[in-house]
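Peer 1: The sequence shown maps to residues 0 to 480 in numbering that gives the first Met the number 0.
Note that CB positions come from ideal geometry on N, CA and C, so glycine has one too.
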Amino acid sequence: MSPTVDPAVRSEIAGVVGARYVFDRDEEKRAYSYDASLIRARPDLVCVPGSAEEVAAVVRVAHRHRVPFVARGAGTGIAGGSIPIEGGIVIALTRLNRILEVNIPDRYAVVEPGVVNLDLTRRVENEGYCYRPDPSSQKVCTIGGNVASNAGGPHCLAYGVTSNHILGMEVVLPDGSITEIGAPHLEPGGYDLTGLFTGSEGTLGIATKIICRLSRSSEAVRTMLASYDRMEDAAAAVEAIIAAGVIPAALEMMDREIIRAVEAAVGAGYPVDAEAVLLIEIEGPRDGLNESSDVIKSLCLDQGAREFRTAQSEEERQKLWKGRKGALGAVARIKPMYYLHDGVVPRTRLLWVMKKIAATAAQHRLTIVNVFHAGDGNLHPFILFDPADADEVRRVHLAGEEILRACVECGGTLSGEHGIGIEKNEMMGWIFSEQDLETMRRVRSAIDPAGVANPKKVLPSGARCGELSRSPGSAPAGAWI
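1) Which full runs of the beta strand (DSSP E) of 3+ residues lie inside the stretch 286-349, going along the chain?
2) Quick check on this structure: which residue in VAL368, ARG346 and GLU306 has the alpha carbon closest to the alpha carbon of MET336?
3) Can you tell me where the beta strand (DSSP E) holding MET427 begins and where it ends?
4) In angstroms, rounded to a whole number, what distance separates the CA positions of LEU349 and GLY376?
5) Give me, in chain order, the residues of the same chain whose beta-carbon lies closer than 7 Å to that of GLU126; leave out the 5 immediate sequence neighbours on both sides.
6) Exposed or buried, which one is LEU195 when buried takes at least 16 other CB atoms within 10 Å?
7) Is the separation between the beta-carbon of GLY565 and that of ALA147 shorter than 8 Å?
8) Spatial neighbours of ARG463 within its chain, please: C-beta separation below 7 Å, excluding the five flanking residues on both sides.
9) So GLY144 packs on GLY204, CB below 8 Å; how close in whole Å?
10) Kindly indicate which three-state DSSP category SER216 falls into: helix, strand or coil?
11) Tell me, which residues are paired with SER226 by DSSP?
12) What's the C-alpha gap between ALA56 and GLU11?
13) ASN102 bridges to which residues according to DSSP?
14) Identify the residues that DSSP records as bridge partners of GLY283: which are they?
15) Considering only DSSP beta bridges, list what VAL170 is partnered with.
16) Since GLU251 contacts ALA61 with CB under 8 Å, what's their CB separation in whole angstroms?
17) Go through the stretch 340-416 residue by residue and report every complete run of the alpha helix (DSSP H) that reaches 4 residues or more, in order.
18) With 16 other CB atoms within 10 Å as the buried threshold, where does LEU403 fall?
19) Specify whether the stretch 380-388 and the stretch 105-115 touch according to this definition: at least 3 beta carbon pairs, one from each stretch, less than 8 Å apart.
20) Following the continuous beta strand (DSSP E) through GLU251, name the residue where it begins and the one where it ends.
21) When the Cα atoms are used, what is the spatial distance from LEU185 to VAL66?
22) Can you tell which of ARG394, THR366 and SER444 has its C-alpha closest to the C-alpha of PHE381?
23) Leaving out five residues before and five after VAL16 in sequence, what residues of the same chain have Cβ atoms less than 6 Å from its Cβ?
24) Compare the C-alpha of SER214 against each of LEU44, ARG393 and ASP105 and name the closest.
25) Can you tell me which of the three DSSP states ALA78 falls into?
26) For the putative contact between GLY415 and GLY151, defined by C-beta atoms under 8 Å, what is the C-beta separation to the nearest angstrom?
27) So what does DSSP say about SER470, is it helix, strand or coil?
28) Could you tell me whether the stretch 305-312 touches the stretch 339-348, where touching means 3 or more Cβ pairs closer than 8 Å?
29) Count the other C-beta atoms from every protein chain shown that fall within 10 angstroms of the C-beta of ARG221, then say buried if there are 16 or more, exposed otherwise.
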């Protein structure tokens with residue numbers, strides 16, 4: 000497998016997608032060398048096919064010449080899953096952006112992978128339906144990328160992650176053949192290949208059509224904010240709410256520093272002197288929703304909430320959510336860059352891990368802020384840094400690894416929704432035995448024996464991130480270019 004692309008390969012691909020959709024100038028390749036992670040590696044070639052047939056034809060060229068390829072959506076990934084770590088070809092799916100079918104009676108839609116997540120809900124909301132997965136980047140992230148990483152979102156506590164809402168796909172396999180898996184109806188029989196491909200991060204093929212389950216929009220919604228003077232009390236309230244059997248649609252927590260940053264950026268109405276806030280949302284039939292709201296209010300106050308309020312209008316509700324979903328951009332007011340993880344822990348260990356994160360920040364002289372899906376224990380520590388400070392970047396990597404190790408040590412795991420990619424693949428041995436990993440390798444090899452589909456992702460490669468090979472002219476992993 001060559002890390003470079005021969006001119007003949009470029010010519011073949013240009014013959015498939017058209018010369019105007021093939022990019023190989025240095026500045027063009029640089030634009031496809033990064034996502035929202037810390038990893039940088041430039042491809043040798045970028046192409047932008049306009050159909051599933053063109054995707055398949057490009058993959059056949061790559062397979063025949065043993066050139067690695069990786070699919071790319073909107074570039075919002077946080078684990079380096081779409082970074083061309085061995086050079087080769089980036090297959091950008093941004094032109095495959097059509098909603099092909101909406102079937103309201105049978106509650107499904109068929110979309111291409113470049114459809115923006117929120118656009119699907121906007122398409123069906125006037126008919127009383129929605130697409131439930133709601134990553135914080137849902138205004139820009141694409142459904143193909145969501146499928147690749149099995150993305151979640153604030154409302155996955157009640158409704159599940161992407162895999163719970165994907166019924167089937169059309170997939171281009173690593174040899175360029177096209178197959179269909181799953182079906183518009185539930186339980187089509189046979190092996191659950193849809194489940195296998197969802198979350199496989201492009202290592203088993205490229206989804207070119209996706210069958211998405213549509214859900215009825217809730218009749219009524221209540222959005223509440225509880226503020227606390229102690230993180231311990233907020234964590235205890237999370238445990239109390241879940242233990243009481245009241246499962247909110249969303250249960251989010253933010254700490255003091257992120258509250259202040261968000262307020263300065265968007266003015267969401269969060270109390271800037273609070274140590275922590277819980278953003279809680281419940282949905283369902285109008286009858287009974289007030290009762291659930293009263294139960295949650297009582298539990299929050301019992302655990303020491305100094306203030307509890309319910310949004311009194313849709314405008315106020317949207318402002319509260321604008322603060323939560325604008326947190327990623329707001330942290331730039333503190334430092335110019337962040338390193339974001341998404342370890343998962345049992346809810347009963349939230350406080351222990353939060354203390355560990357604080358100790359890690361102190362040890363490495365770093366600022367770490369927290370905004371996360373508290374209801375399902377999915378942590379999102381933002382480790383803030385200046386990319387121009389090489390020593391600070393080094394300490395950021397050390398702190399990130401320590402935080403993930405702490406998550407695993409207390410019974411958690413490496414990722415809840417961002418995926419493994421290249422940032423965490425060498426850590427997979429923390430949670431899987433060698434026999435487990437070998438089984439996964441066999442599955443991957445059965446589908447991609449040539450090893451051309453997004454190599455060195457998800458499973459350990461035997462090299463640390465900074466030791467991986469690069470295409471000519473690319474920067475080392477973790478470098479800023």
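Peer 2: Looking at the coordinates:
1) Entirely contained in the stretch 286-349, the beta strand (DSSP E) runs reaching 3 residues are, in chain order, 306-309 and 336-339.
2) For the residues VAL368, ARG346 and GLU306, the minimum Cα distance to MET336 belongs to VAL368.
3) Neither: MET427 is in no beta strand (DSSP E) and is coded neither H nor E.
4) Each residue's alpha carbon lies about 7 Å from the other.
5) Around GLU126: ILE103.
6) Around the beta carbon of LEU195, a 10 Å sphere encloses fewer than 16 other beta carbons of the protein chains shown; the residue is thus reported as exposed.
7) The chain is shown from 0 up to 480; residue 565 falls before or after that span and cannot be answered.
8) Below a pLDDT of 50, predicted positions are generally treated as unreliable, and ARG463, at 45, falls in that range; no measurement from the model is reported.
9) So it is not a contact: roughly 14 Å between Cβ atoms.
10) In the structure shown, SER216 sits in coil (DSSP, three-state: anything other than H, G, I, E or B).
11) Beta-bridge pairing links SER226 to VAL276 and GLU306.
12) For ALA56 and GLU11, the distance between alpha carbons rounds to 9 Å.
13) In DSSP, ASN102 forms a bridge with TYR107.
14) GLY283 pairs with ALA219.
15) In the DSSP output, where bridge partners are listed per residue, VAL170 has THR178 and ALA206.
16) GLU251 to ALA61, Cβ: 41 Å. No contact.
17) Listed in chain order, they are 349-362 and 389-408.
18) When all chains shown are included, LEU403 counts as buried.
19) No: the two stretches stay apart, fewer than three of their Cβ pairs being nearer than 8 Å.
20) Residues 249-254.
21) Cα to Cα, the separation comes out at about 37 Å.
22) Among ARG394, THR366 and SER444, the Cα nearest to that of PHE381 belongs to THR366.
23) When the five nearest sequence neighbours on each side are left out, the beta carbons in the same chain lying within less than 6 Å of the beta carbon of VAL16 are those of CYS46, PRO48 and GLU53, in order along the chain.
24) Of the candidates LEU44, ARG393 and ASP105, ASP105 places its Cα closest to the Cα of SER214.
25) ALA78: coil per DSSP, three-state reduction.
26) Contact holds; Cβ gap of about 6 Å.
27) Confidence in SER470 is poor, its pLDDT being 32 and thus under 50, which makes the residue's placement unreliable; the coordinate value appears in the next sentence. Of the three classes helix, strand and coil, the one that applies to SER470 here is coil, per DSSP.
28) No: fewer than three Cβ pairs fall under 8 Å.
29) Buried.
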